[in-house]
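Chains as they are written, first to last, in the working numbering: chain A, 3 to 112; chain B, 1002 to 1115.
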């Protein structure tokens, strides 16, 4: 099975940088995904890592260490609209079974 | 592209009634997923299909839940009979292949069972 852990809440200031961590224990692994979910809306895909290292996409970057069962999402130049929940999800190696973490609620303050 | 379409957006029903949720995936996507989201349990995968065939339904809570995908452009999730603990937001999502493109979620159906 899969067990995924994320901090429940984080607060940061507009213009700053924030790192949201995700740790997982898994019986198998075929990719880690990050999603953003604004309150009352559906999750939207942000990034994907399957190999170790950093993937950069504009203001957002995601890092993966498979040996440590660890990933983080880095958000730079924070904007008020980045206030949302951020979910990490692990895909199993046998198909498309995704297990989502509990999500981290990020509040960006002026 | 219209994205993933779900209906209804909101459903309020009484305990014991049958509920049917509908989903139209993005054209060309070969995977379709049904999720349930609650404050207590977060986002849970219920079932997913590949080319209209159910692949893994281990997340379906019990026999009261059933899902079908009669063709590539339509899927239903049915709850019969419904119970108050089924109250949640139900999302449908679709994606293409098993690569790193991520899933596209529909707007969700907010179900309230009284």
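Using N, Cα and C, we set each Cβ at its ideal position, and we do this for glycine too.
What does residue i reach in chain B if we use C-beta pairs closer than 9 Å?
{"i": "residue 99/A", "result": "1046, 1049, 1056, 1057, 1059 and 1060"}
Taking the continuous beta strand (DSSP E) assigned at residue i, which residues delimit it?
{"i": "residue 1056/B", "result": "1054-1057"}
{"i": "residue 83/A", "result": "That residue, residue 83/A, is in no beta strand (DSSP E); it is neither H nor E in DSSP."}
{"i": "residue 22/A", "result": "20-28"}
{"i": "residue 1061/B", "result": "That residue, residue 1061/B, is in no beta strand (DSSP E); it is neither H nor E in DSSP."}
{"i": "residue 1078/B", "result": "1075-1080"}
{"i": "residue 111/A", "result": "106-111"}
{"i": "residue 11/A", "result": "11-15"}
Find out if the Cβ-Cβ distance for the pair residue i, residue j is shorter than 7 Å.
{"i": "residue 104/A", "j": "residue 1060/B", "result": "no"}
{"i": "residue 1088/B", "j": "residue 1112/B", "result": "yes"}
{"i": "residue 5/A", "j": "residue 1057/B", "result": "no"}
{"i": "residue 1021/B", "j": "residue 1069/B", "result": "no"}
{"i": "residue 1106/B", "j": "residue 45/A", "result": "yes"}
{"i": "residue 34/A", "j": "residue 87/A", "result": "no"}
{"i": "residue 1114/B", "j": "residue 1067/B", "result": "no"}
{"i": "residue 1077/B", "j": "residue 1023/B", "result": "yes"}
Can you list the residues of chain A that residue i reaches, using a CB-CB cut of under 9 Å?
{"i": "residue 1110/B", "result": "Ordered by position in chain A, no residue passes the 9 Å Cβ test against residue 1110/B, which lies about 11 Å from the chain."}
Assuming residue i contacts residue j under a Cβ cut-off of 8 Å, what Cβ separation, rounded to an integer in Å, is found between them?
{"i": "residue 111/A", "j": "residue 84/A", "result": "Between residue 84/A and residue 111/A the Cβ distance is about 11 Å, and since that is not below 8 Å, they are no contact."}
{"i": "residue 37/A", "j": "residue 89/A", "result": "5 Å"}
{"i": "residue 106/A", "j": "residue 22/A", "result": "5 Å"}
{"i": "residue 1038/B", "j": "residue 1005/B", "result": "About 15 Å; that fails the 8 Å criterion."}
Using a C-beta to C-beta distance shorter than 7 Å, which residues of chain B count as neighbours of residue i?
{"i": "residue 89/A", "result": "1044"}
{"i": "residue 44/A", "result": "1092, 1106, 1107, 1108 and 1109"}
{"i": "residue 55/A", "result": "Under the 7 Å cutoff, chain B gives no residues; its nearest Cβ is about 14 Å from residue 55/A."}
In chain A, which residues lie less than 7 Å from residue i when you measure between Cβ atoms?
{"i": "residue 1103/B", "result": "35, 47 and 50"}
{"i": "residue 1099/B", "result": "98"}
Using a Cβ cut-off of 8 Å, pull out every chain A residue sitting near residue i, in sequence order please.
{"i": "residue 1032/B", "result": "98"}
Which chain B residues sit within Cβ distance under 8 Å of residue i?
{"i": "residue 104/A", "result": "1043"}
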